[in-house]
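Scroll down for the structure; my scribbles are underneath it.
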Amino acid sequence: MSERAERRLRELLISQGLLSAEGESRALVAQGRDRITFSEALAKVEAVPRADLLRTLGEVYGVPCVDLDTTYGDPLILDILPREKAYRMEAVPLFLVDKQLTLALVDPDDLQRLDELRFLTGKEILPVVTLGSDIRRHLPEYYGELAAEGGDLPESIEFEAASADDKPREELTIEGSEGDRPIVRLLNLTLIRALQEHASDIHIESRESQVVVRYRVDGRLQDKPYAIPLSALPGLISRIKVLASLDISERRLPQDGKLRVRYADRSVDVRVSTFPTIHDEKAVLRILDPGRMEFRLENLGMSPEVLARWRRIIRTRQGIILVTGPTGSGKSSTLVGTLRHLHTPEVNIVTLEDPVEQELPGITQGQVNERAGFTFARGLRAILRQDPDIILVGEIRDTETAQIATQAALTGHLVLASLHTNDAPSAVTRLLDIGVAPYLVSASLVGVLAQRLVRRLCPECTADTQPTEEERDYLGPWLALPDLPFLEGPGCAKCLSTGYRGRTAVHEVLEVSPHLRGLLSRGATSIELTDAARSEGYRTLWADGLVKVRERVTSLRELARVVDQDPAPA
Numbered sequence: 328m329s330e331r332a333e334r335r336l337r338e339l340l341i342s343q344g345l346l347s348a349e350g351e352s353r354a355l356v357a358q359g360r361d362r363i364t365f366s367e368a369l370a371k372v373e374a375v376p377r378a379d380l381l382r383t384l385g386e387v388y389g390v391p392c393v394d395l396d397t398t399y400g401d402p403l404i405l406d407i408l409p410r411e412k413a414y415r416m417e418a419v420p421l422f423l424v425d426k427q428l429t430l431a432l433v434d435p436d437d438l439q440r441l442d443e444l445r446f447l448t449g450k451e452i453l454p455v456v457t458l459g460s461d462i463r464r465h466l467p468e469y470y471g472e473l474a475a476e477g478g479d480l481p482e483s484i485e486f487e488a489a490s491a492d493d494k495p496r497e498e499l500t501i502e503g504s505e506g507d508r509p510i511v512r513l514l515n516l517t518l519i520r521a522l523q524e525h526a527s528d529i530h531i532e533s534r535e536s537q538v539v540v541r542y543r544v545d546g547r548l549q550d551k552p553y554a555i556p557l558s559a560l561p562g563l564i565s566r567i568k569v570l571a572s573l574d575i576s577e578r579r580l581p582q583d584g585k586l587r588v589r590y591a592d593r594s595v596d597v598r599v600s601t602f603p604t605i606h607d608e609k610a611v612l613r614i615l616d617p618g619r620m621e622f623r624l625e626n627l628g629m630s631p632e633v634l635a636r637w638r639r640i641i642r643t644r645q646g647i648i649l650v651t652g653p654t655g656s657g658k659s660s661t662l663v664g665t666l667r668h669l670h671t672p673e674v675n676i677v678t679l680e681d682p683v684e685q686e687l688p689g690i691t692q693g694q695v696n697e698r699a700g701f702t703f704a705r706g707l708r709a710i711l712r713q714d715p716d717i718i719l720v721g722e723i724r725d726t727e728t729a730q731i732a733t734q735a736a737l738t739g740h741l742v743l744a745s746l747h748t749n750d751a752p753s754a755v756t757r758l759l760d761i762g763v764a765p766y767l768v769s770a771s772l773v774g775v776l777a778q779r780l781v782r783r784l785c786p787e788c789t790a791d792t793q794p795t796e797e798e799r800d801y802l803g804p805w806l807a808l809p810d811l812p813f814l815e816g817p818g819c820a821k822c823l824s825t826g827y828r829g830r831t832a833v834h835e836v837l838e839v840s841p842h843l844r845g846l847l848s849r850g851a852t853s854i855e856l857t858d859a860a861r862s863e864g865y866r867t868l869w870a871d872g873l874v875k876v877r878e879r880v881t882s883l884r885e886l887a888r889v890v891d892q893d894p895a896p897a
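Right, dumping it as structure tokens:
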């Protein structure tokens, strides 16, 4: 950054009221200490909001600005600028339209550099400006790390495929043929970004004339602005199939597979599902990162009251305990945390899951394989011959599994299982609908935990805000409560401009007391159970969520998005 550009940047920021004297002083100290440009120093000490800093940089140079954290280029065009040159010249190719190449640069006024880039690429250069620190941070994601002493240039991510029987095969090279390198790089970049943003799923599909990549982050799908031509989709799907040991010639039937990714010194399992659509195939990759799955009861977001009740319930020696909620509500996390709490050398714990998402030391884990005839019901019968003390059934799906689990609970075993219901009392209705007799439910059921996942407010940018007119209509009674804040952040770099970062759970616990057991034996409805449980301290999902709103953990807007409201407060 030239002295003229630096002076102009300082003048603009001060004239717009964005840079204080104290912020300028801190930036100058960081600039001298770390030997970085003034703009990078401003970003490092957070003296100016990031969006305003980038916008002002664009004004200084008279070109568009770009935030590489939120704008992704086309990985298929990276070969137009050799990796060593991209690193040396601190340039990231973003888009190629006809003969015009858009490049992210630190100093668009450097005419010598622009001439060299024009010669290297053979294209007309359209420069956009960004921070040098951003370019240096993102270059390894696009190109991979540079070798230390001129050797081979390794990719930033490695793959290990899994065979159809779920056993690891030999490690597969990720280089591919020279003609496949853009596709290889595209998949690598897609996975690296997903891991960095803590995405749980990646959706790869066609839409109109391009390929769309979406990440599910904190439970919500987000489009990523990759500029990928539609012609790249077949090669990308084929690459995924090869790594997941699927049949690349079969495009008419859904396929499921698994691969393992090694990135940043950790291994991550990826479940792969392909699905034929009316135009092309769609692939969904579910990321199972053990490094983020050390779940224990104490860090699952349970309030002290819920945690105390749940610990009391799981201390029982026999019976059936259910965790309920829709898909993606964190049931597996709660069950894993519960097993960790219950595990001791004196007890034999056996699980039956579909799939096994986290390996638990000291616990016997089995995985359903319906193609081979190993169903939940068949596996549960076999478990009963394994001298178990505690049994985990990943999901109760049918009458046979429900009846076997209930019988196991009545014969001296503690059975943990998940069920898909909207709330805790509805779990009883669901068991009755499946075909379990009321007297068996009343005799075996110990307790039910229902839960949902809500996003956490970003601690960096959370602020008081105002509800919309629509929100005033359906949240009016709750907005009138004096102790209930209405919060949401405008978004910042640390929360990817969403206002939220991470998730926590809201819970409700139905503890089966003697009074409720009597109601169960008479076939009481879920409404009757709810009314009776309220008199014993039962608290709904909505009520538990309001506690987290008051604690400024989540927002009322987010809670209303995820959880059905209780009747309006009196």
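Residue numbers for the sequence shown follow this note's numbering, so the first one is 328 and each next one is one higher.
Just so it is clear, CB atoms sit at the ideal spot from N, CA and C, and this is done for glycine as well.
- In the structure shown, T789 adopts coil according to DSSP, grouped into three states.
- In summary, V674 is exposed, with fewer than 16 beta-carbon neighbours lying within 10 Å of its beta-carbon over all protein chains present.
- Distance from the Cα of R331 is smallest, within the candidate group L403, D437, L369, L421, for D437.
- A check of alpha carbon separations from I723 across G762, H530, E535, T691 identifies G762 as the nearest.
- A distance below 8 Å separates the beta carbons of L381 and T457.
- Note on F486: 16 or more other CB atoms within 10 angstroms of its CB, so buried under the neighbour-count rule.
- Using a C-beta cut-off of 8 Å, the region 845-856 makes no contact with the region 798-817, since fewer than three inter-stretch Cβ pairs fall below that distance.
- Each of D396, F365, S630, Y399 was checked against the Cα of T383, and the nearest Cα belongs to F365.
- Counting every other CB atom within 10 Å of its CB across the protein chains shown gives Y542 a total of 16 or more, marking it as buried.
- The shortest CA-to-CA distance from V742 to any of L758, S771, L776 is the one to S771.
- Burial is judged here by how many other beta carbons sit within 10 angstroms of a residue's own beta carbon; P715 has at least 16 and is buried.
- The bridge partners DSSP lists for T831 are V781.
- With contacts defined as CB atoms closer than 8 Å, Q778 and H834 qualify as a contacting pair.
- Fully contained in the region 605-653 are the following alpha helix (DSSP H) runs of length 4 or more, in chain order: 631-641.
- The region 589-603 and the region 629-641 do not touch, with fewer than 3 CB-CB distances between them shorter than 8 Å.
- At the C-beta level, S572 and G562 stay beyond 8 Å of one another.
- In this chain, the alpha helix (DSSP H) harbouring E443 covers 438-448.
- Here I605 is exposed: its Cβ has fewer than 16 other Cβ atoms, across all protein chains shown, within 10 Å.
- Nearest C-alpha to S769 among D750, D681, R799, Q734: Q734.
- According to the DSSP assignment, Y590 belongs to the beta strand (DSSP E) that extends over 582-590.
- Taking the Cα of G872 as reference, the smallest distance to any Cα among P467, E885, Y865 is reached at E885.
- Spanning the alpha carbons of R445 and I452 requires a straight line of approximately 6 Å.
- Taking a 10 Å sphere around the C-beta of A591, we find fewer than 16 other C-beta atoms and assign the residue as exposed.
- One thing to note: A704 has its Cβ within 8 Å of the Cβ of E727.
- Distance from the CA atom of Q692 to the CA atom of E373, rounded to whole angstroms, is 48 Å.
- Spatial neighbours of S347 in its own chain (CB-CB distance under 6 Å, excluding positions within 5 residues in sequence) are not present.
- Residue pairing by DSSP places G845 in no beta bridge whatsoever.
- Proximity of the region 641-656 to the region 778-787 meets the contact definition, three or more beta-carbon pairs being nearer than 8 Å.
- In this structure, the beta-carbon distance from L711 to A732 does not fall below 8 Å.
- Residue pairing for A751: DSSP places it in no beta bridge.
- Straight across, the Cα-Cα distance linking G400 with S558 is about 17 Å.
- Contact between L430 and A418 holds, with the beta-carbon distance rounding to 5 Å and staying under 8 Å.
- In the three-state reduction of the DSSP assignment, V569 falls in the helix class.
- The three-state reading of DSSP puts Q734 in helix, counting H, G and I together.
- Going by C-alpha positions, S536 is about 12 Å away from D607.
- Exclusion of the five residues before and after P581 leaves S600, T601, F602, P603 as the residues of its chain whose Cβ lies within less than 8 Å of its Cβ.
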